[in-house]
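>
Residue numbers (UniProt numbering): 1 to 423.
Spelled out as structure tokens, the structure:
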């Protein structure tokens, strides 16, 4: 919590009041001055004009760049936001599928939000993630940060890999350092199978699947609203994604992507892929909810409370490994605290001892809705995220708010999460 600065006369607790007439606003801060926008998934379902009234009143605006995000656009429009031109500087939210240039960050006004921090690639590029975790292992001890499978960066660490191969024959999973959707990934069982003319990440393959003999991983949604101080939220629901071919360890199956990879973009092409067409049935097909998986594991006698604690531990430690470089970049490029936030997609695999291993972190996790279950989880998650970020109701055409508004707002203490829940 921030201390009140000298320009502020009060250090009282913020007053948080929900407005019965406008359900998408909470009034907070000293004297209930500050309208904060609250998003609700029900706005998408009901299309009630009442949900649009606040956004329309304040002419709230957004722009989406270098990504196709229909669900996000639907949620924003359902709350009265309008889409502005990609080159316009009059917006409350800019959502982009790529990293932001420093000059774009430096031009932001106090009320404007963007969905990436500077240098987020420290966490989301496979090689940088591994190097940052490795650095903390050297500082704090491997046993405290042992949540990434043995990993080697090619071609630089080819000799180290060959030394490791003498004691552990793998198999290994090979990935381009900056790819997504399963592109360019393959299984290797010998150093000669791995090219030395490409930049690759080579990881020890995690075998022994937990559920009915199928490989699966978890997509966990994690929000960071600040790196200084560090503020992390793990969304309560996520996705469990299953391969479409039962796992077999024999070498002749090493090239079968539908056995070893869980990516939807890979498995949807397989005729064995089972689509879930009912959002209320969360444990059917090749994509389950995280909650359904936890219920299944508990029914099989597994300690799911311990698993969730381990998942949280992995997420926090992974982000701690990049806290310093990203916080430093924020001081250089983020003009106002609160301009940046981030939604990360953590891909985590669970071995047969219920131990989680971090595979990668996605910069712009897919928000596409290929099933009703996708829509239910992602719509609620995005609504919660946008509420958590804390948009002040402000007409972007005015560009600047009064200085005393921001001094008072900065001095107010952070809204409690439960007070930001969708209506």
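Backbone N, C-alpha and C fix where the C-beta goes; we use that ideal spot for every residue, glycine too.
Using DSSP bridges, identify the partner residues of residue 120.
Position 120 of the chain shown, counting from 1, holds the residue named residue 120. Answer is none; residue 120 lacks a bridge partner.
> How should residue 314 be labelled, buried or exposed, when 16 other C-beta atoms within 10 angstroms of its C-beta is the threshold for buried?
Here residue 314 is taken as the residue at index 314 of the chain shown, counted from 1. With 16 or more Cβ atoms within 10 Å of its Cβ, residue 314 is classed as buried.
> Might you give, ordered along the chain, the residues of its own chain that have their beta carbon closer than 7 Å to the beta carbon of residue 385, omitting 5 neighbours on each side?
As a first step, residue 385 is located in the chain shown; it is residue number 385 there, counting from the start. Excluding residues within five positions, the ones whose Cβ falls inside 7 Å are 223 and 343.
> Rounded to the nearest angstrom, what separates residue 127 and residue 201 at their Cα positions?
One-based indexing of the chain shown puts residue 127 at position 127. One-based indexing of the chain shown puts residue 201 at position 201. Going by the C-alpha atoms only, they are around 6 Å apart.
> Should residue 367 and residue 376 be called a contact, given that it needs their Cβ atoms to be closer than 8 Å?
Here residue 367 refers to the residue found at position 367 when the chain shown is read from its first residue. Here residue 376 refers to the residue found at position 376 when the chain shown is read from its first residue. Contact flag unset, no.
> Excluding sequence positions up to five away, which residues of its chain have a Cβ less than 7 Å from the Cβ of residue 312?
As a working mapping, residue 312 is identified with position 312 in the chain shown. Once the five neighbours on either side are set aside, the close Cβ partners of residue 312 are 234.
> Exposed or buried, residue 269, counting other C-beta atoms within 10 Å across all chains shown (16 or more means buried)?
Along the chain shown, read from residue 1 onward, the residue named residue 269 stands at position 269. Exposed: under 16 other Cβ atoms inside 10 Å.
> Assuming residue 130 contacts residue 148 (C-beta within less than 8 Å), just tell me the rounded distance between them.
Position 130 of the chain shown holds residue 130. Position 148 of the chain shown holds residue 148. Right, their Cβ atoms sit about 6 Å apart.
> Could you say which of 184, 38 and 277 lies nearest to residue 372 if we only look at CA atoms?
In the chain shown, counting from the first residue as 1, residue 372 sits at position 372. Among 184, 38 and 277, the Cα nearest to that of residue 372 belongs to 277.
> Does the region 325-334 come close enough to the region 112-120 that 3 or more CB-CB pairs lie under 8 Å?
Yes, they touch.
> When you compare only the Cα positions, how much space is there between residue 153 and residue 122?
Taking the chain shown and counting its residues from 1, the one referred to as residue 153 is at position 153. Taking the chain shown and counting its residues from 1, the one referred to as residue 122 is at position 122. Using only the alpha carbons, I get a separation of about 15 Å.
> Taking residue 264 as the reference, which of 381, 109, 347 and 307 has the closest Cα?
Stepping through the chain shown from its first residue, residue 264 is reached at position 264. If we check each option's Cα against that of residue 264, 347 comes out closest.
> Between residue 298 and the rest of its own chain, which residues show a CB-CB distance below 7 Å, the 5 nearest in sequence each way excluded?
For the purposes of this step, residue 298 is taken as the residue at position 298 of the chain shown. The answer, listed in chain order, is 304.
> Going by DSSP in three states, residue 105 sits in which element: helix, strand or coil?
Taking the first residue of the chain shown as position 1, residue 105 is located at position 105. In this structure, residue 105 counts as helix in the three-state DSSP scheme.
> Identify the continuous beta strand (DSSP E) that holds residue 244 and give its terminal residues.
Reading the chain shown from its first residue, position 244 is the one you call residue 244. Neither: residue 244 is in no beta strand (DSSP E) and is coded neither H nor E.
> Considering only residues of the region 178-228, which uninterrupted beta strand (DSSP E) runs meet the minimum length of 3 residues and lie entirely inside it, listed in chain order?
Counting whole runs of 3 or more residues, the region 178-228 contains the beta strand (DSSP E) stretches 186-188, 200-204 and 216-227.
> Measuring alpha carbon to alpha carbon, tell me which residue in 80, 76, 48 and 205 is nearest residue 59.
The residue you call residue 59 lines up with position 59 of the chain shown. The candidate whose alpha carbon is nearest that of residue 59 is 80.
> Is it right to say residue 162 is buried, meaning 16 or more other beta carbons lie within 10 angstroms of its own, or is it exposed?
Taking the chain shown and counting its residues from 1, one reaches residue 162 at position 162. It counts as exposed.
> Using only the alpha-carbon positions, how far apart do residue 169 and residue 66 sit?
Walking along the chain shown from the start, residue 169 turns up at place 169. Walking along the chain shown from the start, residue 66 turns up at place 66. Going from the Cα of residue 169 to the Cα of residue 66 covers about 41 Å.
> By Cβ distance, which residues of its chain are closer than 8 Å to residue 91, with the 5 residues on each side in sequence left out?
By one-based count along the chain shown, residue 91 stands at place 91. Excluding positions up to five away in sequence, the list reads 61, 62, 63, 84, 112 and 396.
> Taking the straight line between their C-alpha atoms, what separation do you get for residue 70 and residue 158?
Counting from 1 along the chain shown, the entry for residue 70 is found at position 70. Counting from 1 along the chain shown, the entry for residue 158 is found at position 158. Going by the C-alpha atoms only, they are around 42 Å apart.
> Would you say residue 350 and residue 359 are within 8 Å of each other, going by their C-beta atoms?
For the purposes of this step, residue 350 is taken as the residue at position 350 of the chain shown. For the purposes of this step, residue 359 is taken as the residue at position 359 of the chain shown. Contact: no.
> What's the C-alpha gap between residue 257 and residue 37?
Along the chain shown, one-based indexing puts residue 257 at 257. Along the chain shown, one-based indexing puts residue 37 at 37. Between residue 257 and residue 37, the C-alpha separation is close to 44 Å.
> Let me confirm a value: residue 156 is counted as buried when at least 16 other C-beta atoms fall within 10 Å, else exposed. Which label applies?
Residue numbering aside, residue 156 sits at position 156 when the chain shown is read from its first letter. Exposed, by the Cβ-count rule.
> Using CA atoms only, rank isn't needed, just tell me which of 369, 361, 339 and 352 is closest to residue 102.
Position 102 of the chain shown, counted from the start, is the residue given in the question as residue 102. Here the closest residue by C-alpha is 339.
> Straight-line CA distance for residue 76 to residue 364?
By one-based count along the chain shown, residue 76 stands at place 76. By one-based count along the chain shown, residue 364 stands at place 364. Going by the C-alpha atoms only, they are around 18 Å apart.
> Helix, strand or coil: which one does DSSP assign to residue 174?
In the chain shown, the residue the question calls residue 174 occupies position 174. Strand, per DSSP.
> My output table needs one value for residue 94: the three-state DSSP class, helix, strand or coil.
If you number the chain shown from 1, residue 94 lands on position 94. Three-state result, residue 94: strand.
> Identify which residue in 55, 184 and 56 has its Cα closest to the Cα of residue 266.
The count along the chain shown starts at 1 and reaches residue 266 at position 266. For the residues 55, 184 and 56, the minimum Cα distance to residue 266 belongs to 184.
> With distances taken between CB atoms, is the gap from residue 208 to residue 244 smaller than 8 Å?
Within the chain shown, residue 208 is the residue found at index 208, counting from 1. Within the chain shown, residue 244 is the residue found at index 244, counting from 1. No, the Cβ-Cβ distance between residue 208 and residue 244 is not below 8 Å.
> Please report the distance separating the alpha-carbon of residue 98 from that of residue 261.
Residue numbering aside, residue 98 sits at position 98 when the chain shown is read from its first letter. Residue numbering aside, residue 261 sits at position 261 when the chain shown is read from its first letter. For residue 98 and residue 261, the distance between alpha carbons rounds to 25 Å.
> Determine the direct distance from the alpha carbon of residue 150 to that of residue 93, and round the result to whole angstroms.
Counted from its first residue, the chain shown places residue 93 at position 93. Counted from its first residue, the chain shown places residue 150 at position 150. If you take the alpha carbons of residue 93 and residue 150, they lie about 39 Å apart.
> Which same chain residues, not among the five before or five after residue 290, have their C-beta less than 7 Å away from its C-beta?
For the purposes of this step, residue 290 is taken as the residue at position 290 of the chain shown. These residues qualify, in order along the chain: 218, 237, 238, 239 and 240.
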